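Peer 1: Following this message is one structure expressed as structure tokens.
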Ligand SMILES: Cc1cc2nc3c(=O)[nH]c(=O)nc-3n(C[C@H](O)[C@H](O)[C@H](O)COP(=O)(O)O)c2cc1C
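In our numbering, the protein residues as written are 6 to 168.
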């Protein structure tokens, strides 16, 4: 894995900030996926990590809580409309993956999609709720008028797939 991660040479600001990705958690017998537009990739505690942020109101949240491994998958532009759909509908109400015609790919650990062009497989090593009193006022006003403060998940990157 250590060597594989050095193949990653993309601009994180573009692939996360401008494009978006799918965060997937659960097991083959029950999982969920949702679009994310916020993620950080770097090094912490001597490990390669990916950090993502999930509001408790998301159906994906309970899968993040109940499983140790999550994946973050990236797609070509032609999948943009599917990512918009998966980011505006809830897996509570329907089988979003089926609706979007995505094919789950069950890895030794974690679940991604055949259609993804690249994926990070991450093992949770830390999580914490963002604390409202520590957030700058202008961020709070902009992002948390209804509360629902994100929980931050730090995942150690245990595999990196380029397809
Ligand atoms: C471009 C985009 C980026 C998003 N980023 C995040 C994010 O980083 N964290 C989050 O909690 N929700 C994010 N969302 C919202 C969820 O994807 C959305 O609420 C989704 O319907 C949740 O699905 P679920 O209920 O099946 O988990 C984003 C939505 C879009 C369209």
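Ideal Cβ placement from N, Cα and C applies to all residues, glycine included. As the structure is a computational prediction, the values presented were derived from the model and not from experiment.
What are the complete alpha helix (DSSP H) segments, minimum 4 residues, inside the stretch 49-115?
Peer 2: Within the stretch 49-115, the complete alpha helix (DSSP H) runs of at least 4 residues are 64-71, 85-91 and 101-104.
Peer 1: Roughly how many whole angstroms lie between the Cα atoms of residue 34 and residue 112?
Peer 2: Going from the Cα of residue 34 to the Cα of residue 112 covers about 13 Å.
Peer 1: Any heavy atom of ligand 1 closer than 6 Å to the Cβ of residue 25?
Peer 2: Checking every heavy atom of ligand 1 against the Cβ of residue 25, one is found closer than 6 Å.
Peer 1: Do you know whose CA, among 63, 140 and 54, lies nearest residue 131's CA?
Peer 2: Considering only alpha carbons, the answer is 54.
Peer 1: May I ask you to check if the CB of residue 64 is nearer than 6 Å to at least one heavy atom of ligand 1?
Peer 2: Checking the Cβ of residue 64 against ligand 1 gives yes.
Peer 1: With a threshold of 6 Å, establish whether the CB of residue 102 neighbours any heavy atom of ligand 2.
Peer 2: Ligand 2 is not part of the structure shown, which contains ligand 1 as its ligands.
Peer 1: To the nearest angstrom, how far is it from the Cα of residue 47 to the Cα of residue 98?
Peer 2: Each residue's alpha carbon lies about 35 Å from the other.
Peer 1: Around the Cβ of residue 42, are there at least 16 other Cβ atoms within 10 angstroms (buried) or fewer (exposed)?
Peer 2: It counts as exposed.
Peer 1: What three-state label does DSSP hand residue 36 in the structure shown?
Peer 2: Residue 36: strand per DSSP, three-state reduction.
Peer 1: Kindly indicate which three-state DSSP category residue 122 falls into: helix, strand or coil?
Peer 2: Looking at residue 122 - three-state DSSP - the assignment turns out to be coil, as it is neither helix nor strand.
Peer 1: Find out if the Cβ-Cβ distance for the pair residue 29, residue 40 is shorter than 7 Å.
Peer 2: For residue 29 and residue 40, no; Cβs fall outside 7 Å.
Peer 1: Roughly how many whole angstroms lie between the Cα atoms of residue 17 and residue 125?
Peer 2: Rounded to the nearest angstrom, the two C-alpha atoms are 13 Å apart.
Peer 1: Could you give the first and the last residue of the continuous alpha helix (DSSP H) run that contains residue 142?
Peer 2: Counting along the chain, the alpha helix (DSSP H) containing residue 142 begins and ends at 142-148.
Peer 1: Alpha carbon to alpha carbon, what distance is there between residue 21 and residue 71?
Peer 2: For residue 71 and residue 21, the distance between alpha carbons rounds to 25 Å.
Peer 1: Taking contact to mean 3 or more Cβ pairs, one atom from each stretch, closer than 8 Å, check whether the stretch 138-157 and the stretch 61-71 are in contact.
Peer 2: Cβ pair count under 8 Å is three or more, so yes.
Peer 1: How far does the beta strand (DSSP E) with residue 157 in it extend, from its first residue to its last?
Peer 2: 156-167 is the span of the beta strand (DSSP E), which, as asked, contains residue 157.
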